[in-house]
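Laid out in structure tokens, this is it:
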């Protein structure tokens, strides 16, 4: 069986989200994971636009309603975990930018 580019792209983006989601469920996340999720979300949105432009409305809507939303939720969860880690360890790190703050 030969996979199409749509299948490969969708599986790759889904795999990224699922792998990071498992770390988050264990209470771990870091800024790199957060940025990877944001990038995956942006790629999924671009992928949905390409599908729509190519006339594949149904798959485009599925990508937007399922994959993009799942990635957005996982990104928010990662941000919450990172914020909790920053608080628990009293780290001088900005929770929005993840940059070290000078005291």
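Residue numbers (the numbering used here): 22 to 124. Quick reminder that beta carbons are idealized off the backbone N, C-alpha and C, glycines included.
> Residues bridged to residue 114 by DSSP?
Replying inline: 121
>> Let me confirm a value: residue 118 is counted as buried when at least 16 other C-beta atoms fall within 10 Å, else exposed. Which label applies?
In response: exposed
> Grouping DSSP H, G and I as helix and E and B as strand, with all else coil, what is residue 60?
Replying inline: helix
> By DSSP, does residue 47 sit in helix, in strand, or in coil?
Replying inline: coil
> Taking the alpha carbon of residue 50 as the point to measure from, which residue in 22, 104, 79 has its own alpha carbon closest?
Replying inline: 104
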